[in-house]
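Residue numbers (the UniProt record's numbering): 1 to 520. We put the CB at the ideal spot given by N, CA and C, even for glycine. Notes follow the structure.
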Amino acid sequence: MEGFTPWPPDLEARYVAEGYWGASLLGDVLRGEPAGLALVAGDDRLTYAELDRRADRTAAGLLRLGIRRGDRVVLQLPNTAGFVVTFLALVRVGAAPVLALPAHRESEIRYLCELSEARAYVCAENDGDFDYREMARALPVEQVIVDGDPQEFTALAGVDADPVEAPRPEPSDVGVFLLSGGTTGLPKLIPRTHRDYVYNLEASAGVCGFGPETVYLVVLPAAHNFALACPGILGVFATGGTVVLAPSGSPDDAFPLIERERATVCAVVPPIALLWLDAASWSGEDLSSLELLQVGGAKFAAERAAEVPSDLGCKVQQVFGMAEGLLNYTRLDDPPELVERTQGRPLSPADEIRVVGEDGAPVAPGEVGELLTRGPYTLRGYYRAPEHNARSFTPDGFYRTGDLVRELPSGHLVVEGREKDQINRGGDKISAEELENHLLAHPAVHDAAVVGVPDPLMGERTCAFLVVRHTAPTLRELKDFLRARGVAAYKYPDRVETVEGFPRTPVGKISKKALAATLS
Ligand code: J2J
1 MEGFTPWPPD LEARYVAEGY WGASLLGDVL RGEPAGLALV AGDDRLTYAE
51 LDRRADRTAA GLLRLGIRRG DRVVLQLPNT AGFVVTFLAL VRVGAAPVLA
101 LPAHRESEIR YLCELSEARA YVCAENDGDF DYREMARALP VEQVIVDGDP
151 QEFTALAGVD ADPVEAPRPE PSDVGVFLLS GGTTGLPKLI PRTHRDYVYN
201 LEASAGVCGF GPETVYLVVL PAAHNFALAC PGILGVFATG GTVVLAPSGS
251 PDDAFPLIER ERATVCAVVP PIALLWLDAA SWSGEDLSSL ELLQVGGAKF
301 AAERAAEVPS DLGCKVQQVF GMAEGLLNYT RLDDPPELVE RTQGRPLSPA
351 DEIRVVGEDG APVAPGEVGE LLTRGPYTLR GYYRAPEHNA RSFTPDGFYR
401 TGDLVRELPS GHLVVEGREK DQINRGGDKI SAEELENHLL AHPAVHDAAV
451 VGVPDPLMGE RTCAFLVVRH TAPTLRELKD FLRARGVAAY KYPDRVETVE
501 GFPRTPVGKI SKKALAATLS
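Right under this line is the structure:
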């Protein structure tokens, strides 16, 4: 596929020879007993046989609409059976889903459609007051498929036909596009091949002990790498367990489902873990089925991790992952010290790790440096982004994560900070440059610098420092402005400060450290 950077032939040969890459496809992950319960979503309860059949019929319906192997389709659905069925149908056809989050709005979705030259866009009716169909009218795609009342578009329920023979994708094909958290003005797409993502989810399921008895509650957006494949929904399907979709991670939504479905494992971001720790003491629900809470996406404090076994009655696992690839997990049999104080160690024996200083040379063992990595499930380049790739990868193909870590003798990593210009707002990633560009479009804004400020619940919140012309816009006005521009709400600043000018580093760049320091 044009715009996709393959692994070099020597590494490809090694990953195949050593068994990391096999012949299975993302569409073949349904490996549970046909009569076993695969998916619980709202009132839907689907066995493996039923889910398999629905995915096949939807795949045939997509082919009938002219969607083919090698196409891209922007998929934006919440945690519903429609998401799971459409995802499986697309990967079976070999049309790569571009996984947008339900929170994305026109600015993000239009860009994804354009960059991927998507053949179709799949959406829900609405998200609260927001009507996706209205947005869809302005998008540059031939076909819009709606899970619900389609208005003038195609209903997902009608994308249905008797299964037919069609060309199958190759394991080396791009199977799915994930979204990068982003550090630049525009978001980046991460191409994941069938074989690298199948390895990602199968190896993760192994490390996390998933099997037919697993009942996995999904509270993060299903389109997020963590909930989808680490081991996530696909890791459950590959090992024969049951996936239960929750609309959100709030204890009001999640706890009754844990009790009713006897959920055994769940993946959350730290703010959700903190809410659960708090709510467990007063909620009436029976959470005794929970065996494992995976926490990742942002740093989880050691003190809070230590409270999980006593307060929630289950093991905790720290996960330091990235949609780009590399996953670090604390192991289920690691001693409490490592589980509480580290963010885990690499999933694969073939993951290569370098911790380097500013000069690019490895730091002394145990010192803090930037984490670089390559391996059998870490991308070699963002999709259609040659200039950005030249900066984001070393000449020998290591991905520069922008994360500052310390490596312990056991191989476990401790995340110590970040070098990239990004805000991690409770696991939601915000590119400072992207938000600054939106703010600069406001008529009263002369200059803008966005920084993260520490927050006890979210880890960080977003503060926009503005140099203004005439009168300063209020936070409310800025949010309205960003909403009108079609920016996802999680990117709105939490706070705005007006300043006369920005502190600079010796080389003349805005010093975000100095700016953040003015708040404390
Ligand atoms: C500190 N920072 C972390 C952690 C991610 C599993 C879990 C998370 C993600 C994810 C994911 C962190 N402590 N435990 O895809 O499969 C920050 C780092 C990292 C970035 C990646 C998964 N876990 N981070 O968060 O692509 O800065 O993936 O580089 O959204 O999140 O973000 P994202």
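Item                                                                                                           : Value
N200, enclosing alpha helix (DSSP H) - first and last residue                                                  : 194-207
Neighbour-count burial assignment, P140, 16 or more Cβ in a 10 Å radius                                        : exposed
Those runs of the alpha helix (DSSP H) which lie wholly inside the segment 96-164 and span at least 4 residues : 106-116, 132-136
Span of the beta strand (DSSP E), counted from its first residue to its last, around E497                      : 495-498
beta-carbon K491 near the ligand J2J non-hydrogen atom, thresh 6 Å                                             : no
Cβ distance (whole Å) where T342 is taken to contact L413 below 8 Å                                            : 6 Å
Simplified DSSP assignment, three categories, for V269                                                         : coil
Three-state secondary structure (DSSP) of residue 556                                                          : No answer is possible for residue 556: it lies beyond the span of the chain, which begins at 1 and ends at 520.
Nearest to G94 (by Cα), restricted to the options A161, P34, P167, P163                                        : P167
Bounding residues of the beta strand (DSSP E) (the contiguous stretch that carries residue 525)                : Examination of residue 525 is not possible in this model, given that the chain is present from 1 through 520 alone.
Unbroken alpha helix (DSSP H) run spanning T239, endpoints                                                     : 232-239
Q343 - partner residues in DSSP beta bridges                                                                   : Paired residue(s): none; Q343 is not in a bridge.
Assigned exposure category for residue 522 - 16 Cβ within 10 Å defines buried                                  : Residue 522 lies beyond the stretch modelled for the chain, which goes from 1 to 520, so this question has no answer here.
DSSP state of V91 mapped onto helix, strand, coil                                                              : helix
Straight-line Cα distance separating V215 from R354                                                            : 36 Å
Extent of the continuous beta strand (DSSP E) run through S310                                                 : Per DSSP, S310 belongs to no beta strand (DSSP E); it is in the alpha helix (DSSP H), 302-312.
Reference E352, options V236, G313, L326, M135, closest by Cα                                                  : L326
Secondary structure of A35, DSSP reduced to three states                                                       : coil
Whole-Å CB distance - C123 paired with V146, under 8 Å assumed                                                 : 6 Å
Proximity to R195 [Cα-Cα], best of L189, K188, A203                                                            : A203
Opposing strand residues paired with G325 [DSSP bridges]                                                       : M322
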